[in-house]
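Okay, so here's the structure we're looking at.
Residue numbers (this note's numbering), protein chains in the order written: chain H, 1 to 87; chain V, 88 to 174.
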């Protein structure tokens with residue numbers, strides 16, 4: 001059994017309002033970062049899991065994302081899977 | 088003036104306890120994802136900004152990260168900057 005590291009990004013779909021991103025954008029403007037045009041906030045997860053091969057690991061991560069990690073109504077996700085040694 | 092997209096990852100340092108990651112790990116185990124060994128939770132931000140060149144954009148994003156976006160005591164950050172058209 002090999003150990004895999006999945007690096008998962010969960011981001012809001014473009015049409016969805018992002019209050020957290022807007023708040024950060026306002027804060028950056030107040031700190032005089034006037035060149036900032038737009039901030040979008042997302043989640044980043046690193047999941048370490050066992051699986052016999054990369055395809056199985058990817059399949060498991062996809063199911064995790066659709067059942068728990070992302071809300072498919074308003075969010076999209078993407079990830080990469082690579083072989084790793086557990087820390 | 089060119090528009091740049093910075094993709095920023097903010098993650099907890101390895102020695103820092105990650106209660107959010109542990110909660111997600113427990114939830115995945117309860118959903119019978121028994122192969123999951125470890126979950127670490129981080130933040131992912133996309134910042135669109137104007138700057139005359141890539142070096143200036145990188146410098147600005149570094150200052151943003153150290154002053155607002157990351158807590159350098161417990162978090163580390165990394166980012167990439169690429170040319171973009173504003174959506």
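Each residue gets a CB set at the ideal place from its N, CA and C atoms; glycine is no exception. Since we're looking at a predicted model, the values are computed, not measured.
Could you pull out every residue in the same chain whose Cβ sits closer than 8 Å to the Cβ of residue i, ignoring the five residues on either side in sequence?
i                      : result
residue 22 of chain H  : 39
residue 148 of chain V : 93, 95, 134, 136, 166 and 168
residue 4 of chain H   : 48, 49, 50, 51, 54, 57, 81, 82, 83 and 84
residue 1 of chain H   : 50, 51 and 52
residue 24 of chain H  : 39 and 41
residue 152 of chain V : 95, 97, 164 and 166
residue 72 of chain H  : 66
residue 63 of chain H  : none
Mind checking residue i: buried by the 16 CB within 10 Å criterion, or exposed?
i                      : result
residue 36 of chain H  : buried
residue 154 of chain V : exposed
residue 119 of chain H : Given that chain H is displayed from residue 1 to residue 87, the structure contains no residue 119 of chain H and the question cannot be resolved.
residue 99 of chain V  : buried
residue 121 of chain V : exposed
residue 115 of chain V : buried
residue 132 of chain V : buried
residue 118 of chain V : exposed
On the DSSP letters alone, give me the boundaries of the beta strand (DSSP E) that residue i sits inside.
i                     : result
residue 78 of chain H : 75–83
residue 6 of chain H  : 2–12
Grab me the residues of residue i's own chain with a C-beta within less than 7 Å of its C-beta, minus the 5 sequence neighbours each way, in chain order.
i                      : result
residue 103 of chain V : 161
residue 105 of chain V : 99, 127 and 128
residue 107 of chain V : 128
Can you list, in chain order, the residues of its chain whose CB lies under 6 Å from that of residue i, leaving out five sequence neighbours each side?
i                      : result
residue 70 of chain H  : 10 and 77
residue 146 of chain V : none
(message) At 4 residues or longer, what runs of the alpha helix (DSSP H) sit wholly inside the stretch 112–154 of chain V?
(response) 141–151
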